[in-house]
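J.: In terms of full-length UniProt numbering, the sequence shown opens at residue 1 and continues consecutively. The structure that follows is given in the form of structure tokens.
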Amino acid sequence: MEYVEPVVGIANCLGTPVCKYLQYHRKMNDYVRNFKRMRDELNCKMEDIELQVKAELLRPLRKIPKKVVENWLKDVKEMIREAQVVENKVRNGRYLCRACNGKLVDEKTREMKRFLDKAPNASKGLATDGPSAGLPLPTSELVGEEAVRNEIWACLMQEEVSKIGVWGMGGVGKTTIMKHIHNDLLKQQRFERVIWVTISKEFNVMKVQDDIAGALKLKEDWPREGDELRRAAILSEMLKNAGKHVLILDDVWDKVSLGEVGIPE
């Protein structure tokens, strides 16, 4: 009889873990179903948030994703990758490992649930105000070209004017004038974006497309490769959704087809 009390004590200590172990073993299929349901819910939530972020960025308000949203999306993508590893492990597991796999699946399900509960509130907006329209360009003092500068400026202030050409021999000060106009546009804040792109003598359509897309800060959805026509179509949509903007193409040596680049006429 002296052994009964210690045995009962051991049984009491082991009771809960043993019962839980047996539950993981017997109900593993239920745990797996809950796991897959939670993974699918989390994946759908992630896709919904990504779509709303993209929609908010397309609005002409110079928005950028909130940091908390970026971090959540990054962590959730990693969580979904981990969930796939767990699923593969369970699928290839042996019968004797059912309890261990059941425990693993249950823990990962709870972890995914915590991520889902912490999902960003889409009703409060997922993007925030981005940086200013651009940064001032370094330039020299404008001497003797005020009349030309004022003429170009007057054209820019007219709503019906959508395209202006500034030409002349090399070295007469075209770039300097346009740099001053660029900086003055930033100060006035009349336009949401002021974009400066250098064409150069060796004109390359894809490079110009890349430079404009980079200035729009939308490179995440920008195809790094592919045919020029498709890239031009994508860039055209980006510019149409970029709000009221000025695009300055500097150092143009030859005729440039705006449509070929993807700049709306």
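Heads up, the beta-carbon is just placed ideally off N, CA and C, and yes, glycines get one too.
Which whole runs of the beta strand (DSSP E) in the segment 217-258 are 3 residues long or more, in chain order?
T.: Segments of the beta strand (DSSP E) lying fully in the segment 217-258: 245-250.
J.: Figure out for me which residue from R224, L156, V166, I164 has the closest Cα to the Cα of F191.
T.: On the sequence shown, position 191 is the one that residue 191 refers to. Ranking the options by Cα distance to F191, first place goes to L156.
J.: Going by beta-carbon coordinates alone, are L116 and E50 separated by less than 9 Å?
T.: Translated into the one-based positions of the sequence shown, residue 116 becomes position 116. Translated into the one-based positions of the sequence shown, residue 50 becomes position 50. Contact flag unset, no.
J.: Leaving aside the five residues before and after W196 along the sequence, list all residues of the same chain whose C-beta is less than 6 Å from its C-beta, in chain order.
T.: Residue mapping note: residue 196 aligns to position 196 of the sequence shown, counting from 1. Result list for W196: H182, I248, in chain order.
J.: Can you give me the Cβ contacts of residue 297 inside the same chain, cut-off strictly under 7 Å, excluding the 5 residues immediately before and after it?
T.: Any property of residue 297 remains undetermined from this structure, which presents the chain solely from 1 to 265.
J.: Between S241 and L235, what straight-line distance do the alpha-carbon atoms span, to the nearest angstrom?
T.: Start at 1 with the first residue of the sequence shown, and residue 241 comes out as number 241. Start at 1 with the first residue of the sequence shown, and residue 235 comes out as number 235. For the record, residue 241 in the displayed sequence is Asn; it is not Ser. One C-alpha to the other measures close to 10 Å.
J.: Report the three-state DSSP secondary structure of K124 (helix, strand or coil).
T.: Translated into the one-based positions of the sequence shown, residue 124 becomes position 124. Of the three classes helix, strand and coil, the one that applies to K124 here is helix, per DSSP.
J.: Taking V68 as the reference, give the member of L258, L58, V53 with the closest Cα.
T.: Taking the sequence shown and counting its residues from 1, the one referred to as residue 68 is at position 68. Of the listed residues, the one whose Cα sits closest to V68 is V53.
J.: Looking at the unbroken alpha helix (DSSP H) that takes in I49, where does it start and where does it end?
T.: Indexing the sequence shown from 1 puts residue 49 at position 49. Element bounds for I49: 28-58.
J.: Among V261, N71, I199, I152, whose alpha-carbon lies nearest the alpha-carbon of D227?
T.: As a first step, residue 227 must be located in the sequence shown, where it is residue number 227. When only C-alpha atoms are compared, the closest one is V261.
J.: By DSSP's criteria, R193 is part of a beta bridge. Which residues make up the other side?
T.: The sequence position of residue 193 within the sequence shown is 193, counting from 1. Partner(s): H245.
J.: If we count the other Cβ atoms within 10 Å of its Cβ and call it buried at 16 or more, is E202 buried or exposed?
T.: Residue mapping note: residue 202 aligns to position 202 of the sequence shown, counting from 1. Its Cβ having fewer than 16 others within 10 Å, E202 is exposed.
J.: Output the distance between the C-alpha atoms of V90 and I263, rounded to the nearest integer angstrom.
T.: Counting from one through the sequence shown, the residue named residue 90 turns up at place 90. Counting from one through the sequence shown, the residue named residue 263 turns up at place 263. Roughly 52 Å separates the two Cα atoms.
J.: Would you mind giving the Cβ-Cβ distance between K174 and T128, rounded to the nearest angstrom? I have them listed as a contact below 8 Å.
T.: One-based indexing of the sequence shown puts residue 174 at position 174. One-based indexing of the sequence shown puts residue 128 at position 128. Going by Cβ atoms, the distance from K174 to T128 rounds to 37 Å, so no, they are not a contact pair.
J.: Which residues in the same chain as S200 place their Cβ atom closer than 6 Å to its Cβ, once the five residues preceding and following it in sequence are excluded?
T.: Your numbering for residue 200 matches position 200 in the sequence shown. Result list for S200: D251, in chain order.
J.: Using only alpha-carbon positions, find the residue among A83, M46, E141 that is nearest to E70.
T.: The residue labelled residue 70 in the question sits at position 70 within the sequence shown. For E70, the nearest C-alpha among the options comes from M46.
J.: Which residues in the same chain as A233 place their Cβ atom closer than 8 Å to its Cβ, once the five residues preceding and following it in sequence are excluded?
T.: Within the sequence shown, residue 233 is the residue found at index 233, counting from 1. So the list reads G262, once near-sequence residues are dropped.
J.: Just the Cα atoms here: how many angstroms apart are L142 and L73?
T.: The residue you call residue 142 lines up with position 142 of the sequence shown. The residue you call residue 73 lines up with position 73 of the sequence shown. Answer to the nearest angstrom: the Cα atoms are 48 Å apart.
J.: When the Cα atoms are used, what is the spatial distance from K124 to K113?
T.: On the sequence shown, residue 124 is found 124 positions in, with the first residue counted as 1. On the sequence shown, residue 113 is found 113 positions in, with the first residue counted as 1. Roughly 21 Å between the two C-alpha positions.
J.: Does the Cβ of A83 have 16 or more other Cβ atoms within 10 Å, making it buried, or fewer, making it exposed?
T.: One-based indexing of the sequence shown puts residue 83 at position 83. When all chains shown are included, A83 counts as buried.
J.: Pick from L57, G102, D75: whose alpha carbon is nearest that of N43?
T.: As a working note, residue 43 is residue 43 in the sequence shown. Selected option, being the one with the closest Cα: D75.
J.: On the DSSP letters alone, give me the boundaries of the alpha helix (DSSP H) that K67 sits inside.
T.: Numbered from 1 along the sequence shown, position 67 holds the residue referred to as residue 67. Looking at the DSSP string, the run of the alpha helix (DSSP H) that includes K67 is 67-91.
J.: Using only the alpha-carbon positions, how far apart do V246 and R81 sit?
T.: What you label residue 246 is simply residue 246 of the sequence shown in a count that begins at 1. What you label residue 81 is simply residue 81 of the sequence shown in a count that begins at 1. In a straight line, the C-alpha of V246 is about 42 Å away from that of R81.
J.: Could you spell out where the alpha helix (DSSP H) holding E146 opens and where it closes?
T.: Translated into the one-based positions of the sequence shown, residue 146 becomes position 146. It spans 146-156 - the alpha helix (DSSP H) in which E146 sits, taken as one unbroken run.
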